[in-house]
Structure formats: C-alpha cells, structure tokens
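The sequence shown begins at 1 in the UniProt record's numbering and counts up by one.
Just so it is clear, CB atoms sit at the ideal spot from N, CA and C, and this is done for glycine as well.
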Amino acid sequence: ELSKEMFCQANYERALLSYCFVSVENYYIIASAIDSKDFLLPDHEMIWLIIGTLIKRDVPKVDGELVLNEADHNGVLQKIGGYDYIRSIINMDMPKDNIQYYIDKTLNSSTKHQLHNSLSRNMSNTEVDARNEDVTATDMIGNVSSDIMDLSIKSKAVKEATNLSDGLDEYIEERRYNPVEYCGISTGFDILDRQIDGLVPGALHVVCARPKHGKSTFLSAVGAYVAYNLGKPTLYVDTEMPFEQWRARIISMLAIVPERVVTHGGYTDEQYEKICKAAKIINKGKYFHEYMPGYNVEKLIALYKKYKHVEGMEFAIFDYIKVPSGVDFKNKKEYQVLGDVTTALKDLAGELNIPVLCANQINRQDDIADSDRILRYADVLMFFKPKSKEEMDKVHPFEKEYGTHKLIITDSRRGGTTPEEGIGYSFTKRMLHLSEAPKQLIDYNESKKEERNDESDDPKESF
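This is the structure we're talking about:
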C-alpha cells in the first residue's frame, strides 16, 4: 500500500527483528507490545510471522538458517529478501538496553498509518454522504471523533480511565449472592489466607528469612498447592537450586517421603507407591521451574511474560531478591539495585494482573537486604523463622502441637498483620513437610471477629 510506504520507518522495524535473533526473550518483550500489522514493510511482517511460528515450536534460539528454511518451505523466500537480507538484519549491532526505544518508534509509525487510513475512510464517507439529508454533520463528526478516540486509546496516547460507577450494581449483586472466601488465590494455609485475603492478583508478596531457615520450602509448598490443588499454571524462577534438586524436593513434599530417599533411590514398596501417587499429581498440573543463577532483571521479566503468553501463567514465584549478575555499581549503590528488582516484580504483578510471591534473605538482625523499597513496594511483608528455645520452652511439653516455626506478617495493605507470636508452623525438614500448627498462641478467629466489630454501623452520611 502507498500509505504504508509513506509512514514506514524500515530501520526501526529491522532493529526489532534483529533483537529477536539475539534471544527468544526479546521476542516475548516485543510481542507483548507489537502486532504483525505494526510492521508496515510486508517483508518485515512476513519475517516477524515466521519468527513467531518458529518460537511456537520451542526452538531455543532463532537463527537465519531456520528462518530461511521456513520461508523456502512456504514459498516466500524471495519475498523476505533472501539470504543476504536476513544476514544483514542478524548482523546489526543493537544496543542491549534500547529495545523499548525501537518498540515505541515502530508503534509511532504504525499509529500514524492507522490514523491516515481512518481519516481517509472518513473523508470518503463524507464525500459519499455530502448531500444525504439523513446523515447530519453531527453524525459525521461523531464518527470521526469515535475513530480517533479508539485509535488514541489503542496507541496508549490516552489511558482509558474507568468510572467508579461502571458495573457497580452488578458487582454489589454478585458479592451479595456469591460471596468469596478470599479475594486472592489460596496459599493452601487457612490462617494465612484469612489474614492476607489470599494471594491477590496485582500484589507483591515477600517472605523474608535467614539462610537455611525454610523460605524456599515455604515458596515451593505454596506453588505446589496453587499448581496442583487449584490447577493454576505456576512458574518458579530459582537463583539457587538446579532443577534436579528442586524436583526431588517437590516429590518429597507431595509423597511425604524423605528428600534423601527420593534422591538416592532404592525405595521400599510403600515409598514407591507414595512416590508414584505424587508423580500422578505432578503429571496433571503445570508447575514450571527455571534455574537462573546468573539472572538479570530484563531476562527475568521477559521469562515471566513468555509463560503468561504461552502457558497462561497465573502465579509467579521468585527465589530470591538479590543483586543481579553483571551489575555495574559505578552509578548505583547495592540497595538501589535491589530496589530496582523489587520495583520490577511489583510492576510485573500489576501488568500481568497475577500475584507474585518472592523470597528475600535477611541477616541476623532481620534487616531486609538494605533496601527500603522492598518495604515500600511489597503489598504483604512476612518473616519466616524457627521459634527460639525460650518460645519452645513456654509450651513444653506441647511443642509439636504449637509448631517449630512461625510466620510473622509485619505489613499488609489489606490488613491482617500478626503480633510477634506469628502463625505457628510445623516443619519437618527431612520430609519438607510444612503445615500450620494445630494449636496457635493467638486466636486468629477471634481477631477477625474484632475487625468486623470495628466496622461502622452505617455508611458515611457526610458526603
């Protein structure tokens, strides 16, 4: 089309295609903002579609040979410029952290093209209806305004706000007749769910603990419940534990068989039966694990977006917040870098509208990794720790009934914090079995009743 040639900025489109040859993660970053129609040069649109086809086949990396073979198979090799043109795109020297710039430029050109088409269409309609008395000038202006407004919203030039009254009556009736126990996804721990209202979509939940104190077990247990009991696709990104170790951990957790036995083998008949039952549960769910020891924030966020796009991921877990690899500290201090990671995870939760659960390692003074932004951006902040000897002595000889560990909720945007006694947990390390203790030092049912009694009898009349 002539109009496409008029607005096409081929160099920006080439840049985006070049990024796709660098990594599959880049493709998902671009695909979250760009459609095939945004490539105004037909050659580039075709290359983009071919790359998307290859990625759907789970190729680990897109290379020129794969693209050329696919194009040749579909009879479009010459239409995409042949070997030399693909090679020139691959060989472009693209700045690592500038992908958003090229996305914005390409979208700008595409939006201009769509605007031109919309105005041309309305101009043509205006000429056709010039003497049509059934069509008023107000009608014509309304059509043009509607098209321009739709385009403006789609291009993100204007963000569409929602009126508080939109759907309000339906919302009230739905909640009246179909009450929900929690607004978020259940963690599998009843008291915790009641305190934090479940894992709320768009919220960042942070569990803090010292090394070797069970934070990974806690995250893994919640993930297993969400993936297998609730059937929600879950991605666990792990900076510490390779897949083989993590898999043995999940099997041990589900089968209630010691992790060492799972790893070393030689099962008894009873152990084998339990492990086979656990395997059946695992085979029916979607609980993904990615070992990312040398992570960077861009790669991490792109991976979550990929699994949201491909697998319909509904829950994201990150273990754990620490300084990414390859960080240059010339312009930033460590606490600022950790804050950037936290902010990125919080933004991810909001953008994908899913709950994000992550761990944070603390020191002996229970300081949170030197970053006040973790405190600022976490919707729920929790501390998981073993009970002290003094705490265990207070409930002697009923230690097992009150649990060996505790979870303290220090901050929650939805209320539901706990006193220092926390929520008691029974934690059997050999089996990696974690459950809320049958007896609690705090009556959380009573505390919820007190919250309800604090509610006003009548809505405010002062408005």
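Among the options, nearest to residue i - alpha-carbon criterion
i, options, result
"tyrosine 27", "Glu5, Arg210, Ile103 and Glu391", "Ile103"
"phenylalanine 288", "Asp129, Leu303 and Val297", "Leu303"
"asparagine 122", "Gln100, Ser145, Tyr101 and Asn132", "Ser145"
"aspartate 340", "Lys322, Lys105 and Val128", "Lys322"
"glycine 350", "Asp134, Pro201 and Thr126", "Pro201"
"phenylalanine 318", "Leu357, Leu338 and Pro293", "Leu357"
"serine 252", "Thr217, Tyr177 and Glu70", "Thr217"
"asparagine 117", "Glu5, Asn74 and Gly265", "Glu5"
"glutamate 181", "Asp193, Tyr171, Lys232 and Ile172", "Asp193"
"glutamine 195", "Asp379, Glu65, Tyr307 and Ser88", "Asp379"
"leucine 204", "Thr343, Gly403 and Gly223", "Thr343"
"threonine 410", "Phe383, Lys299 and Ala137", "Phe383"
"serine 3", "Gln114, Lys105 and Glu65", "Gln114"
"isoleucine 442", "Ser18, Val261, Lys406 and Ser412", "Lys406"
"lysine 429", "Thr404, Ala137 and Ala10", "Thr404"
"methionine 94", "Lys105, Leu17, Pro179 and Ser120", "Leu17"
"valine 76", "Leu164, Asp43 and Tyr425", "Asp43"
"glutamate 311", "Gly285, Ile141 and Pro211", "Gly285"
Cβ neighbours of residue i in the same chain (closer than 6 angstroms, five flanking residues each side left out)
i, result
"arginine 452", "Low confidence applies here, because arginine 452 scores a pLDDT of 49, under 50, leaving its location unreliable and the question unanswered by this model."
"tyrosine 291", "Asp238, Pro242 and Phe243"
"arginine 376", "none"
"glutamine 440", "Gly424"
Distance between beta carbons of residue j and residue i, contact taken as under 8 angstroms
i, j, result
"alanine 31", "histidine 309", "7 angstroms"
"valine 67", "isoleucine 47", "7 angstroms"
"isoleucine 90", "phenylalanine 21", "5 angstroms"
"isoleucine 185", "phenylalanine 7", "With 8 angstroms as the limit, isoleucine 185 and phenylalanine 7 do not qualify as a contact, their Cβ atoms being about 44 angstroms apart."
"leucine 338", "isoleucine 374", "7 angstroms"
"isoleucine 50", "alanine 71", "6 angstroms"
"alanine 359", "lysine 215", "4 angstroms"
"glutamate 401", "proline 438", "6 angstroms"
"residue 467", "leucine 41", "As displayed, the chain neither begins before 1 nor continues past 463, which places residue 467 out of reach and without an answer."
"methionine 313", "isoleucine 354", "7 angstroms"
"valine 222", "threonine 187", "5 angstroms"
"valine 206", "leucine 381", "5 angstroms"
"tyrosine 19", "isoleucine 80", "The Cβ separation is near 17 angstroms, so there is no contact."
Reduced DSSP secondary structure (H/G/I, E/B, other) of residue i
i, result
"proline 386", "strand"
"glutamine 440", "coil"
"asparagine 26", "helix"
"isoleucine 99", "helix"
"serine 435", "strand"
"leucine 16", "helix"
"alanine 10", "helix"
"residue 476", "Residue 476 cannot be examined here, being either before or after the span of the chain that is shown, 1 to 463."
"glycine 416", "coil"
"isoleucine 34", "coil"
"aspartate 370", "Legend: pLDDT at aspartate 370 = 49, less than 50; position of this residue unreliable, no value from coordinates given."
"serine 186", "coil"
"histidine 213", "coil"
"leucine 357", "strand"
"serine 426", "strand"
"threonine 111", "helix"
"threonine 410", "strand"
"alanine 157", "Low confidence applies to alanine 157: its pLDDT is 43, below 50, so where it sits in the model is not reliable enough to give any reading."
"histidine 309", "helix"
"glutamate 170", "helix"
"alanine 130", "coil"
"alanine 378", "coil"
"alanine 316", "strand"
"glutamate 421", "coil"
"isoleucine 321", "strand"
"histidine 44", "helix"
"phenylalanine 218", "helix"
"histidine 396", "coil"
"leucine 204", "strand"
"leucine 199", "strand"
"glutamate 290", "strand"
Same chain only: Cβ atoms within 7 angstroms of residue i, ignoring 5 sequence neighbours per side
i, result
"glutamate 399", "Met392"
"valine 226", "Ile185, Lys232, Thr234 and Phe315"
"cysteine 183", "Asp197, Gly198 and Val200"
"tyrosine 83", "Leu68"
"residue 477", "Here the chain covers residues 1 to 463 and nothing more, so residue 477 does not appear."
"lysine 159", "Low local confidence applies: a pLDDT of 48 at lysine 159 is under 50, so the model's placement there is unreliable, and no value is given."
"proline 293", "Thr239"
"leucine 345", "Leu204, Phe318, Val356 and Cys358"
Own chain, CB closer than 8 angstroms to residue i, minus 5 neighbours either side, in chain order
i, result
"lysine 37", "Glu45 and Ser110"
"alanine 279", "Ile251"
"isoleucine 148", "Leu115 and Ser118"
is_contact[residue i, chain C] using C-beta, thresh 8 angstroms
i, result
"valine 180", "Structure shown: chain C not included; a single protein chain is present."
- Task: Taking only runs that begin and end inside the region 220-277, name each unbroken alpha helix (DSSP H) of 4 or more residues, in chain order.
- Result: For the region 220-277, whole alpha helix (DSSP H) runs of length 4 or above, ordered along the chain, are 243-255 and 259-264.
- Within the region 47-71, note down every full alpha helix (DSSP H) run reaching 4 residues or more, in order along the chain. Fully enclosed alpha helix (DSSP H) runs of 4 or longer: not present.
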